[in-house]
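**Q**
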Amino acid sequence: MRKKQFIMVMHKNSLNRILFNDLKNDKRVTVYNDLEKNLNGSLFRLMRCAHYSHKVNKIIRLPFKKVWGYVLDEIVYDENINYYIIMTNASLYQFDLSYLSKKRKLYSNIKFILYLEDPMTNIKRACGYEYSDIVNFDYVFTFDPIDAEKYGFIYTSLPYSIINNKFVELKRDLYLSATNKGRLDFFLKIYNLLDSGGVNALFRIVEVSSEKQQFKKKIIYNKRLTYNEILNEVKESNCILELLAKGQAAATMRYYEAVCYNKKLLTNNKDVVNLPFYNPEYIHIFEKPEDIDCEWIKERIPIDYGYDGRFSPTCLIDKIVELEEQKEG
Numbered sequence: 377m378r379k380k381q382f383i384m385v386m387h388k389n390s391l392n393r394i395l396f397n398d399l400k401n402d403k404r405v406t407v408y409n410d411l412e413k414n415l416n417g418s419l420f421r422l423m424r425c426a427h428y429s430h431k432v433n434k435i436i437r438l439p440f441k442k443v444w445g446y447v448l449d450e451i452v453y454d455e456n457i458n459y460y461i462i463m464t465n466a467s468l469y470q471f472d473l474s475y476l477s478k479k480r481k482l483y484s485n486i487k488f489i490l491y492l493e494d495p496m497t498n499i500k501r502a503c504g505y506e507y508s509d510i511v512n513f514d515y516v517f518t519f520d521p522i523d524a525e526k527y528g529f530i531y532t533s534l535p536y537s538i539i540n541n542k543f544v545e546l547k548r549d550l551y552l553s554a555t556n557k558g559r560l561d562f563f564l565k566i567y568n569l570l571d572s573g574g575v576n577a578l579f580r581i582v583e584v585s586s587e588k589q590q591f592k593k594k595i596i597y598n599k600r601l602t603y604n605e606i607l608n609e610v611k612e613s614n615c616i617l618e619l620l621a622k623g624q625a626a627a628t629m630r631y632y633e634a635v636c637y638n639k640k641l642l643t644n645n646k647d648v649v650n651l652p653f654y655n656p657e658y659i660h661i662f663e664k665p666e667d668i669d670c671e672w673i674k675e676r677i678p679i680d681y682g683y684d685g686r687f688s689p690t691c692l693i694d695k696i697v698e699l700e701e702q703k704e705g
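Under our numbering, the residues of the sequence shown are numbered 377 to 705, in order.
And the structure:
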């Protein structure tokens, strides 16, 4: 049986670095945050920014990305080792796909694996998958159960690594960090109820036009934070608010934060009762703002979900090994 070597190719934003952080200590895995070799000069820097801009790539897939070269070329591929190159949809759009296709044809011992960080309900946020037939991925993983059933993907939890889980003094009762996505009116109704109920809540909402901004002195609008900054505010909060977007079925990052950092979770996800670690003492489900119990949000109680590490990205590696061993018999 051949040795297995895993290569994780990530988009170099703070979210990915945190989610997949556990892989840095997994000897089976080599992690690449920066995919391309650097070329000096202001013109090259400008080209590089355009080629690897998330906003640009959501609109158009720019050509000539192979001008940069890739660190994957620096790997000396041993014919006695099976290589598993794992990509996210965010890292996929950074590549010239013909490069990946040629790499597959050149080395028979390379397999490509795609992990979708976004649900397919919003293809612009899941950009990259629509080009995946060029690469012909061996496995496609998703955290969305509906996408898994509809498209034949492999369902798995969101890879999540715990970062610096030291005690942090609580500064507020409830925290929300979210994109509008047509949910603004609902957010505002919830905030009004919480404010009236004496809940100390911090709301951060982005992609909101100025004329629709209410409670301007209390709600923070259109100020984007890194995920590390969001996580710091999560740790300072007693409860996290999760509100699924229309058509979304999978739990959001808020669920994983609550479980991994032992926070109360206020959610409109009815299926949370079927997820691991559900505990009605720590998780309240609501359908309309009037269902929300402000006193429960404010109450400070010891919280321990008994999290056992099953969301770690190392478990994704374990799953791939299991699938491959099943094939090998």
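All C-beta atoms in this analysis are idealised placements derived from N, C-alpha and C, irrespective of residue type, glycine included.
If serine 467 and methionine 386 are in contact, beta carbons under 8 Å, what's the gap, nearest whole angstrom?
**A** Sure, about 6 Å apart at Cβ, within 8 Å.
**Q** Taking only the alpha-carbon atoms, compute the straight-line gap between aspartate 348 and asparagine 409 and give it to the nearest angstrom.
**A** What the structure shows of the chain is the stretch from 377 to 705, and residue 348 is not part of that stretch, so it cannot be assessed.
**Q** Answer yes or no: do arginine 480 and isoleucine 489 have a C-beta to C-beta separation smaller than 7 Å?
**A** Against a cut-off of 7 Å, the Cβ pair of isoleucine 489 and arginine 480 comes out as no contact.
**Q** Taking Cβ to Cβ, would you say phenylalanine 529 is nearer than 7 Å to valine 516?
**A** Cβ atoms of phenylalanine 529 and valine 516: closer than 7 Å.
**Q** Bridge partners of glutamine 624, per DSSP?
**A** Note: glutamine 624 sits in no beta bridge, so no partner.
**Q** May I have the straight-line CA-CA distance separating leucine 707 from tyrosine 459, to the nearest angstrom?
**A** Limits of the chain in this structure are 377 at one end and 705 at the other, which puts residue 707 out of reach.
**Q** By Cβ distance below 6 Å, which residues in the same chain neighbour cysteine 670 in space, the five residues on each side in sequence not counted?
**A** Excluding sequence neighbours, cysteine 670 sits near Gly573 and Val575.
**Q** Taking 7 Å as the cut-off, decide whether the C-beta atoms of serine 390 and asparagine 541 are in contact.
**A** No, they are not a contact pair.
**Q** According to DSSP, which residues form a beta bridge with asparagine 458?
**A** For asparagine 458, which the question treats as bridged, DSSP gives the partners Lys380.
**Q** Secondary structure at isoleucine 489, three-state DSSP: helix, strand or coil?
**A** Strand.
**Q** Pull up the CB-CB distance for isoleucine 595 and alanine 554, whole angstroms please, since I reckon it's below 8 Å.
**A** Not really, about 11 Å apart at Cβ, beyond 8 Å.
**Q** For tyrosine 631, which residues of its own chain have a beta-carbon under 8 Å away from its beta-carbon, when the five flanking residues on both sides are left out?
**A** Glu618, Leu641, Thr643, Asn645, Val648 and Leu651, listed in sequence order.
**Q** Can you give the Cα-Cα distance for alanine 524 and leucine 699, rounded to whole angstroms?
**A** C-alpha separation (whole angstroms): 16 Å.
**Q** Quick one: give me the first and last residue of the beta strand (DSSP E) that aspartate 549 is part of.
**A** Per DSSP, aspartate 549 belongs to the beta strand (DSSP E) from 548-555.
**Q** Whose C-beta lies closer than 7 Å to the C-beta of isoleucine 696 among residues of the same chain, with five residues either side of it excluded?
**A** So the list reads Tyr460, Ile489 and Tyr515, once near-sequence residues are dropped.
**Q** Under three-state DSSP, which class holds threonine 464?
**A** Threonine 464: strand per DSSP, three-state reduction.
**Q** Apart from the five residues just before and just after lysine 380, which ones in its own chain have a Cβ nearer than 6 Å to its Cβ?
**A** Cβ within range, chain order: Asn458.
**Q** When DSSP labels each residue in this structure, what does asparagine 614 get in the three-state scheme?
**A** Three-state DSSP puts asparagine 614 in a strand.
**Q** My assumption, with CB atoms under 8 Å, is that leucine 552 sits in contact with phenylalanine 579. Please give the rounded CB distance.
**A** About 5 Å separates the two Cβ atoms, so the contact holds.
**Q** Note down, in chain order, each residue of its chain lying with its Cβ closer than 7 Å to the Cβ of tyrosine 654, except the 5 sequence neighbours on either side.
**A** Counting only Cβ-Cβ distances below 7 Å, and skipping sequence neighbours, we find Val648.
**Q** Which of the three DSSP states is assigned to isoleucine 693 in this structure?
**A** It is helical.
**Q** Where do the ends of the alpha helix (DSSP H) carrying arginine 600 lie?
**A** It is not in any alpha helix (DSSP H) - arginine 600 carries neither H nor E in the DSSP assignment.
**Q** Is isoleucine 539 near the ligand SAM, in the sense that its beta carbon is under 6 Å from a heavy atom of that ligand?
**A** The ligand SAM is not part of the structure shown, which contains no ligands of any sort.
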